[in-house]
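In order, the protein sequence lines correspond to chains A and B. Under my numbering, think of the first position of the first sequence as 1, with each following residue one higher. Under my numbering, think of the first position of the second sequence as 1, with each following residue one higher. Quick reminder that beta carbons are idealized off the backbone N, C-alpha and C, glycines included.
2 protein chains.
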Amino acid sequence: MSAIKPATIEDVALIAGVSIATVSRALNEPGKVADSTRRKVIEAVAQTGYTTNAMARNLRMRKSNMILILAPDVGDPNFSNILIGLETEASKRGYGVLIGNTQNDPSRETDYLRFLSSNQADGIILLTGHLPFGLTQAGPDVRLPPMVAVNEPVPNAAVPFVGVDNIEGARTATDHLISQGHTRIAFIGQSTRSAVSSYREEGYRRAMTGAGLTIDPRFVLEADGTTESGRGAAERMFVRDQLPTAFFCVNDATALGVIIALTARGYALPQDFSVMGFDDISYASFVTPSLTTMKQPRLQIGEASMELLLAMLEGADVQKREILLRAELILRNSVALRRPG
Amino acid sequence: MSAIKPATIEDVALIAGVSIATVSRALNEPGKVADSTRRKVIEAVAQTGYTTNAMARNLRMRKSNMILILAPDVGDPNFSNILIGLETEASKRGYGVLIGNTQNDPSRETDYLRFLSSNQADGIILLTGHLPFGLTQAGPDVRLPPMVAVNEPVPNAAVPFVGVDNIEGARTATDHLISQGHTRIAFIGQSTRSAVSSYREEGYRRAMTGAGLTIDPRFVLEADGTTESGRGAAERMFVRDQLPTAFFCVNDATALGVIIALTARGYALPQDFSVMGFDDISYASFVTPSLTTMKQPRLQIGEASMELLLAMLEGADVQKREILLRAELILRNSVALRRPG
DNA sequence: ATTCGCCATGTAAAGGTTTACACAAGTCTG
DNA sequence: CAGACTTGTGTAAACCTTTACATGGCGAAT
């Protein structure tokens, strides 16, 4: 019974005894068709096992119902739940999700744009923090395809953004350290090159200032966000004569590096030092001591950004919109009351 | 200069002064066209910024150059590097990768099949360990779409499989414990329901038998592969009068549970007990003690499975092929020499 | 000089939809 | 009861390619 060729709309029309136009309408705009004929069509569809050929539909409608996700590293633990959120929301709305792992390689970024130019994707979710190379190349005045930046905003471009409120989150984190009695609090992170990092530093500064604390400039150290950089920064701290009692790190990976360095020096955590991260990556609860951190609402970030992009595709006129979600304080064991000493 | 409508092959033909057929040939089968006209076409393409409309091509060629990846949980840490491998290989060959997060929900599994039936995907990479619900529904004799099972083989179906050699890997792991002087080695895992687990148990048994060791049946405990189940299994062990000196766990999550249970009971690891995992998940090196385990070659698994699927699509007649890759022993700190006592 | 074959190109069909437009048959309205 | 409007359906164009087949020119072989 399984036909070697899949049934087309014509087969259905023939069986139902109507024209192909009516079949199309019966399926897509049921209201525009008489009840009796609609029933005949439905019956014929069931009989043939017809499914509409998406290629033909897409060609005709100039729309693929497909979204391209560009990420520098699909394996990033920060990425997975965002991806689930993106996919869930897209799927709910009948869209498919196409992934592009760019590794920050300009040629790959450009290559993936072919999905757009060849009409295989309707829009882009951008997790790279910059426009794909092929678009920046085209000059500043080129008309951008529908897209939404997630996690990392795109500098100098009117791209709607969805992400966590880094300033507010960093402030909450720092406030937590302050509430535990800490006053000499270091910030480990890189503010010069990464927008995310500079927002988190800003939150740290506001919390410190807000609490009437002064920031010792020697307590603000560069680290590029890797575990290794966190380790190195903590080491550099120990050439100072005065030490902080707490470290607020730009992200969990950095915090992990700091923990490794402090542990290696024989300190007991969190008794001797408190360490705070940001992100709540998947293994934050498994390190020793388990990491007190700010949890990014990744699922919601994914859902919200896809929702925004689909709204744009469906004509909603989103200009320079920005959606900031709150990070949540996760209390674990790497932060403790400052020792009375 | 940016046309409101993208250029079609007809525009190019007009400018180059040839027919659209020649343009198509110049681009797709350069050998079949005179050098001089090919140059004219290339020139015209550059001038118009033409890119071929993939929808039209796909419609005509009945091929989408798109692969659907079905996974129960895209966020699984085991999944990310496989995904990178899949994507890299696909991209290299000009294919796109579509993801479907099924959460083992039959309705979602069925839903994603629409990508196949509507010609939006040419084949499936299956990480779920079972046929998508919509296909099993269709009866056993239904012609399966091109697909490759990864990580978890599909029972009772002629689906080519790519994954790690679990028997050999588990044997290597157990041999390592034996080489450290252990003789009372427990196996924590679930063999009844999961094929992967039963292979790993088989490897464990072969290693034990091969070394002339007997397996105490009380040392083989059920655990469903979660951290919590590992913790529970370890707890149940302690109602016995005799204890093992080493635990080989079906995966790292389980091993982590065992470590947590042992640590909570006040034991020092690895001095008091050795614990071995399997998988080398991303945070295996961050737990305390860091986990000695078998590393799955995830990148290669991803690449090999995509390679196989694409070969099938391009006509290679792969019947019941199986590609098994070797797991690699990763030495860390959760395994030590058995204490002489 | 005829035939053959090859090469480069053009013509037109096919792929499967959606939808603007046309048309016929009712149903209202005045 | 004529005209206007509504409702349901059909016809055919459009979406943009690829490719089977036809054509014409040209060199080689007979």
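Subject >> Residue range of the alpha helix (DSSP H) that includes residue 100 of chain B >> reply: Residue 100 of chain B -> not in any alpha helix (DSSP H); beta strand (DSSP E) instead, spanning 96-101.
Original post:
Apart from the five residues on each side of it in sequence, which residues of its chain come closer than 6 Å, Cβ to Cβ, to residue 169 of chain B?
Top reply: 294 and 327
Original post:
In chain order, which alpha helix (DSSP H) runs of at least 4 residues are fully inside the stretch 146-185 of chain B?
Top reply: 166-179
Original post:
Taking Cβ positions, are residue 278 of chain B and residue 171 of chain B nearer each other than 8 Å?
Top reply: no
Original post:
Looking at the unbroken beta strand (DSSP E) that takes in residue 89 of chain A, where does it start and where does it end?
Top reply: Per DSSP, residue 89 of chain A belongs to no beta strand (DSSP E); it is in the alpha helix (DSSP H), 79-92.
**OP:** Examine chain A for any beta-carbon lying closer than 8 Å to the beta-carbon of residue 134 of chain B, and answer yes or no.
**Re:** no
**OP:** Go ahead and label residue 221 of chain B buried or exposed: buried means 16 or more other beta carbons lie within 10 angstroms of its beta carbon, across all protein chains shown.
**Re:** buried
Original post:
Are the Cβ atoms of residue 167 of chain B and residue 206 of chain B separated by less than 8 Å?
Top reply: yes
Original post:
What residues match up with residue 325 of chain A in a beta bridge as DSSP calls it?
Top reply: A:164
Original post:
residue 295 of chain B by DSSP, collapsed to three states: which one?
Top reply: strand
**OP:** Give the interface partners of residue 278 of chain A over in chain B, defined as CB-CB distance under 9 Å, in chain order.
**Re:** The premise fails here: residue 278 of chain A is roughly 17 Å from chain B at the closest Cβ pair, so nothing lies under 9 Å.
**OP:** Taking only beta-carbon positions, decide if residue 56 of chain A is within less than 8 Å of chain B.
**Re:** yes
Original post:
So what does residue 248 of chain A bridge to, in DSSP terms?
Top reply: A:187 and A:276
Subject >> Exposed unless 16 or more other CB atoms sit within 10 angstroms - verdict on residue 161 of chain A >> reply: buried
Subject >> Cβ neighbours of residue 270 of chain B in the same chain (closer than 7 Å, five flanking residues each side left out) >> reply: 289, 333, 334, 335 and 336
Original post:
So is residue 314 of chain A in contact with chain B if we call contact Cβ pairs under 8 Å?
Top reply: no
Original post:
Using a beta-carbon distance below 8 Å, is residue 180 of chain A in contact with chain B?
Top reply: no
Original post:
At a CB-CB cut-off below 8 Å, which residues of chain A make contact with residue 10 of chain B?
Top reply: Going along chain A, no residue has its Cβ under 8 Å from residue 10 of chain B, so there is no contact; the nearest lies around 15 Å.
**OP:** Sort B:230, B:86, B:267 and B:71 by Cα distance to residue 255 of chain B and report the nearest one.
**Re:** B:230
Subject >> Cutoff 8 Å: residue 96 of chain A Cβ touching any chain B Cβ >> reply: yes
**OP:** Say whether chain A places a C-beta atom closer than 8 Å to the C-beta of residue 297 of chain B.
**Re:** no
Subject >> Closer than 8 Å to chain B by CB, residue 137 of chain A >> reply: no
**OP:** State the start and end residues of the unbroken beta strand (DSSP E) segment that holds residue 68 of chain A.
**Re:** 66-71
Subject >> 7 Å Cβ shell around residue 130 of chain B - same chain, five flanking residues per side excluded >> reply: 154
Original post:
residue 33 of chain A: which of A:47, A:226, A:18 and A:151 sits nearest, CA to CA?
Top reply: A:18
**OP:** Identify, in the order they occur along the chain, each residue of the same chain with its Cβ nearer than 8 Å to the Cβ of residue 27 of chain B, setting aside the five sequence neighbours on each side.
**Re:** 41, 45 and 52
Original post:
If you drop the 5 nearest sequence neighbours on each side, which residues of the same chain put their C-beta closer than 6 Å to that of residue 95 of chain A?
Top reply: 65 and 67
**OP:** Note down, in chain order, every chain B residue with its Cβ under 9 Å from the Cβ of residue 213 of chain A.
**Re:** Those within 9 Å of residue 213 of chain A in chain B number zero; the least Cβ separation is about 32 Å.
Original post:
Going along chain A, which residues have a C-beta under 7 Å from residue 283 of chain B?
Top reply: 282, 283 and 286
Subject >> Cutoff 8 Å: residue 20 of chain B Cβ touching any chain A Cβ >> reply: no
Subject >> Selection from A:109, A:218 and A:252 that minimises the alpha carbon distance to residue 236 of chain A >> reply: A:218
Original post:
In chain A, what lies closer than 7 Å to residue 59 of chain B by C-beta?
Top reply: 55, 56 and 59
**OP:** Establish whether the CB of residue 194 of chain B and some CB of chain A are separated by less than 8 Å.
**Re:** no
Original post:
Using DSSP with H/G/I as helix, E/B as strand and the rest coil, what is residue 213 of chain A?
Top reply: coil
Original post:
In chain B, what lies closer than 8 Å to residue 128 of chain A by C-beta?
Top reply: Within chain B, no residue comes near residue 128 of chain A; the closest Cβ sits about 15 Å away, beyond 8 Å.
Original post:
Just how far apart, CA to CA, sit residue 210 of chain A and residue 234 of chain B?
Top reply: 49 Å
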